[in-house]
Structures are given as C-alpha cells and as structure tokens.
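Trainee: A single structure is presented below for examination.
Protein chains: 2
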Amino acid sequence: MAVPTGPVTASTDAERAMFDFVDAYDRAYETAALEHGLSVAQACVLGRLTRQIGMRELADELGCDASNITQIVSRLEARDLVRRHPHPDDRRSRQIVRTPDGTALYAAFEESFEFARSATANLSAREQDQLATLLRKALNGTAKP
Amino acid sequence: MAVPTGPVTASTDAERAMFDFVDAYDRAYETAALEHGLSVAQACVLGRLTRQIGMRELADELGCDASNITQIVSRLEARDLVRRHPHPDDRRSRQIVRTPDGTALYAAFEESFEFARSATANLSAREQDQLATLLRKALNGTAKP
DNA sequence: ATAGATACTTGATTCACTCAAGCATCTACC
DNA sequence: GGTAGATGCTTGAGTGAATCAAGTATCTAT
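Taken in order, these protein sequences are the chains called D and W.
Note that my numbering has the first sequence beginning at 1, numbered continuously upward.
Note that my numbering has the second sequence beginning at 1001, numbered continuously upward.
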C-alpha cells in the first residue's frame, strides 16, 4: 500500500492513464525514499530545505500541523540530516537547515528517484512540451487555491 | 502533508508539470476520502471490492502485508461497510464483500473525487487521447513489472 | 499420515498525523 | 512601558497505517 490507489471504476481511458501514472509516480517516490532510509514524509521535508526555513512555514507549505513537523524534523535531526538554528530576529522561531549529510543524502535520493527523468527520457522534446501543456491545462480544470 | 511531495529541484518543465499534477491528484484523493470519513487506505481497499476477494489477494494487489489488510478490513467491518464471508472451498480464506452501505459510500466518495473528471473535462476529446497516449508512453520509459 | 505451504490473525513497534495545551516571545494598542 | 492577544514551537494523548514475528487453522502433496 503506502500509496494511494485510484478509482477502479475510472471511466474514461484518459482517467485510467492518469491514475496509472500517478500510482507509478507515488510508488517510485516511496521506493526511492526507502532505499535511502527515508520515509516519504522525511524525503518530502528534506526536499524543501533548499533554503533556511522556519517550522511554521514548512508546515504551511506541506499543509499539515506544526507539531507534525516538529516530530519529523526531530527524527531527521537525530540522524544529523538537519539542524535547528535560532532565527536572528525572532527568538520564537527555529530555522531548519540541512547538514552536509542531509544535502548529500537528499541528492542521492533524487538520483534514485529516476521516475520523472525516465518518463521524460522516452519522449521527444516536442512531446515533453505537449505533455507539460496538457497536464497544466488539465490541472486548470480543477480549481484549487 | 499526507501526500508525497516531489523533488523541488525538478529540472525540466515537463518534470515539474508531472509533479504538480501528481501532487494535486493525491491531495484531491485524500480530501475526497476524508469528506466521507475514510482514510486513503480505506478508500483504496473499498475501491477494490467490486468483486468478492480474499485478504491475501487484496494484500498482493495493494502491495502490502496481509496483517495490514486485516486491520483495515476490521475497521471497515466495524462500520458495516464490508463483511467477511467464508470461502466455499477453502476454510482458511475469507472473502471480503462490500455491504450496500459500503457500496453507497464508495459511490459517494467517487462522486466527490471529481479530480480526474474535472481534469479531463477541460480537454477536448483529441487532447484527452493525446494526454493518455503521452502518459502511457512516459510510463513505458520507467520499466516496472 | 504427515510435512510443508498457505490464509488469516494477533501482538509489538514505529512513524505520520491531528488536536488540545502549554511556554516563550513578539506586536499592538492604551 | 505594560499588558492582551497573536504567533512559533513543543509536548502529550490518541488514532491509523504499516511492518515484522509468531501463532492457529486448514489445505496439499508426497
């Protein structure tokens, strides 16, 4: 499991293709994470840390409760993959940064997660453009602030 | 959270479009499930029950441990959404079936999960075909039995 | 007739997630 | 300048998903 599974009754061919694609993407993501001893949530968080960022901000970006982030970051910190720094101007806030280990591990994870790369590799430049355009157009049909 | 978040460093435009699409799909799926008091895993399982199916088979389809299914099915059964029937020929096996309530709830869930429908609604028939074709072609690049 | 495979369950653990409280600090307003 | 309320984070309690290791019952094949 570990990965959402879509409606079995997907009616149109396009809907089924979307589902298969999403399912494969999710599975590949999880597999790559596990290969590096990361959970999906941990890989997720680690991936956001390209810049210094506060817990609150992180929680908002990921759409979850701040206390959830506290835990995940604590586990990452215990493995010395991230560190909490004091915010220079606001002593309530903790800025999270990746350690060199964290950066290296995340790079290795992305390297393993070849799904998106392999997927596009099979398409010509023109097809890639088309796909991106169609996906965006499809997404626009689904209003979502 | 609750939903995988892709590589922030996605390099090409097509890769970013894929990620955005997958992310939106997953979030929509979870939201629809929650609206009906289902977890993603529960919606997932419920969706597979278009036919009578054993626990083992279910676990294999979803790629998880049988004991995981035991738990999820137990929770669904407690809400009278599914039932365990004895297998006619094999007394070890339990056949899971949706109750009428389960079927109704799942139908309502699918109704709520308008993501795929909305997404395709925005595309012409020709574009839908193109998208399906491109997604399949992209998927083929990612070998995965 | 029994040895081993198979189907499911139980129990123990871990992690993700949410909510409610709590503490420290910041901000605004009087 | 001091206090009220907002904000940032943590802690604790509770639920669910997931995995693994064992255990029981039943089936299969020799």
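The beta carbon of each residue, even a glycine, is placed where N, CA and C say it ideally should be.
Using alpha carbons as the reference points, say which of D/101, D/31, D/17, D/12 lies closest to residue 49 of chain D.
Mentor: The shortest C-alpha separation from residue 49 of chain D is found at D/101.
Trainee: If you follow the beta strand (DSSP E) that residue 1094 of chain W is part of, which residue opens it and which one closes it?
Mentor: That run of the beta strand (DSSP E) goes 1094 to 1098.
Trainee: For residue 54 of chain D, name the three-state secondary structure that DSSP assigns.
Mentor: Residue 54 of chain D falls in the strand class under three-state DSSP.
Trainee: Is residue 91 of chain D helix, strand or coil by DSSP?
Mentor: If DSSP states are grouped into helix, strand and coil, residue 91 of chain D belongs with coil.
Trainee: In the DSSP assignment, the beta strand (DSSP E) including residue 1083 of chain W goes from what residue to what residue?
Mentor: Segment 1082 to 1086, the beta strand (DSSP E) holding residue 1083 of chain W.
Trainee: Would you call residue 26 of chain D buried or exposed, if buried means 16 or more other Cβ atoms sit within 10 Å of its Cβ?
Mentor: Buried is the call here.
Trainee: By alpha-carbon positions, which one of D/74, D/54, D/23, D/20 ends up nearest to residue 42 of chain D?
Mentor: Residue 42 of chain D has its Cα closest to that of D/74, out of D/74, D/54, D/23, D/20.
Trainee: Whose C-beta lies closer than 8 Å to the C-beta of residue 1069 of chain W among residues of the same chain, with five residues either side of it excluded?
Mentor: Excluding sequence neighbours, residue 1069 of chain W sits near 1045, 1055, 1058, 1059, 1062.
Trainee: From the beta carbon of residue 1004 of chain W, is the nearest beta carbon of chain D less than 8 Å away?
Mentor: Unreliable positioning characterises residue 1004 of chain W in this predicted model, as indicated by a pLDDT of 46, which lies under 50. A coordinate reading is not provided.
Trainee: Residues of chain W with a CB under 8 Å from the CB of residue 22 of chain D: which are they?
Mentor: Those within 8 Å of residue 22 of chain D in chain W are 1021, 1022, 1025, 1026.
Trainee: Give the residues from the region 1121 to 1141 of chain W that approach chain D closer than 7 Å (Cβ to any Cβ), ordered along the chain.
Mentor: Those residues of the region 1121 to 1141 of chain W that come within reach of chain D (Cβ to Cβ, closer than 7 Å) are 1121, 1122, 1123, 1127, 1128, 1130, 1131, 1132, 1134, 1135, 1136, 1137, 1138, 1139, 1140, 1141.
Trainee: With a 10 Å radius around its C-beta and 16 neighbouring C-beta atoms as the bar for buried, classify residue 116 of chain D as buried or exposed.
Mentor: With 16 or more other Cβ atoms within 10 Å, it is buried.
Trainee: For residue 1012 of chain W, would you say it is in contact with chain D, using Cβ-to-Cβ distances shorter than 8 Å as the test?
Mentor: Cβ-Cβ to chain D under 8 Å: yes for residue 1012 of chain W.
Trainee: In chain W, which residues lie with their C-beta within 8 Å of the C-beta of residue 104 of chain D?
Mentor: Going along chain W, no residue has its Cβ under 8 Å from residue 104 of chain D, so there is no contact; the nearest lies around 14 Å.
Trainee: Which value, in whole angstroms, describes the spacing of the CA atoms of residue 1047 of chain W and residue 15 of chain D?
Mentor: About 15 Å.
Trainee: Could you say if the region 1108 to 1128 of chain W and the region 1077 to 1091 of chain W meet the contact criterion of at least three C-beta pairs nearer than 8 Å?
Mentor: Touching, no, given that fewer than three Cβ pairs across the two stretches are closer than 8 Å.
Trainee: List the residues of chain D that residue 1118 of chain W touches, going by C-beta distances under 7 Å, in chain order.
Mentor: What residue 1118 of chain W touches in chain D: 141, 142.
Trainee: Hey, residue 87 of chain D and residue 98 of chain D are a contact pair by Cβ (cut 8 Å); roughly how many whole angstroms apart?
Mentor: Residue 87 of chain D to residue 98 of chain D, Cβ: 17 Å. No contact.
Trainee: Please confirm if residue 55 of chain D has its CB atom under 8 Å from at least one CB of chain W.
Mentor: False, the Cβ-Cβ gap to chain W never drops below 8 Å.
Trainee: Please identify the residue among D/84, D/141, D/122 whose C-alpha is closest to the C-alpha of residue 1128 of chain W.
Mentor: With distances taken between Cα atoms, residue 1128 of chain W lies closest to D/141.
Trainee: Is it true that the CB of residue 1105 of chain W sits closer than 8 Å to the CB of residue 1134 of chain W?
Mentor: Not a contact, by the Cβ cut-off of 8 Å.
Trainee: Using a C-beta cutoff of 8 Å, does residue 1145 of chain W count as contacting chain D?
Mentor: Confidence at residue 1145 of chain W is low in this model, with a pLDDT of 41, below 50, so the placement of that residue should be treated as unreliable; the coordinate-derived value is given next. No, its Cβ sits nowhere closer than 8 Å to a Cβ of chain D.
Trainee: Secondary structure at residue 135 of chain D, three-state DSSP: helix, strand or coil?
Mentor: If DSSP states are grouped into helix, strand and coil, residue 135 of chain D belongs with the helices.
Trainee: Run through chain D and tell me which residues come within less than 8 Å of residue 1108 of chain W, C-beta to C-beta.
Mentor: What residue 1108 of chain W touches in chain D: nothing, since even the nearest Cβ is about 12 Å away.
Trainee: To the nearest angstrom, how far is it from the Cα of residue 19 of chain D to the Cα of residue 1029 of chain W?
Mentor: Cα-Cα distance, rounded: 11 Å.
Trainee: Under a CB-based cut-off of 8 Å, is residue 15 of chain D close to chain W?
Mentor: Closer than 8 Å to some Cβ of chain W, the Cβ of residue 15 of chain D qualifies, so yes.
Trainee: Judging by CA-CA distance, which residue of W/1139, W/1103, W/1096 is the nearest neighbour of residue 153 of chain D?
Mentor: Residue 153 of chain D cannot be examined here, being either before or after the span of chain D that is shown, 1 to 145.
Trainee: According to DSSP, is residue 79 of chain D helix, strand or coil?
Mentor: Correct three-state label for residue 79 of chain D: coil.
Trainee: Look at the alpha carbon of residue 67 of chain D and the alpha carbon of residue 1111 of chain W, and state the distance between them as a whole number of angstroms.
Mentor: The alpha-carbon atoms of residue 67 of chain D and residue 1111 of chain W are separated by roughly 33 Å.
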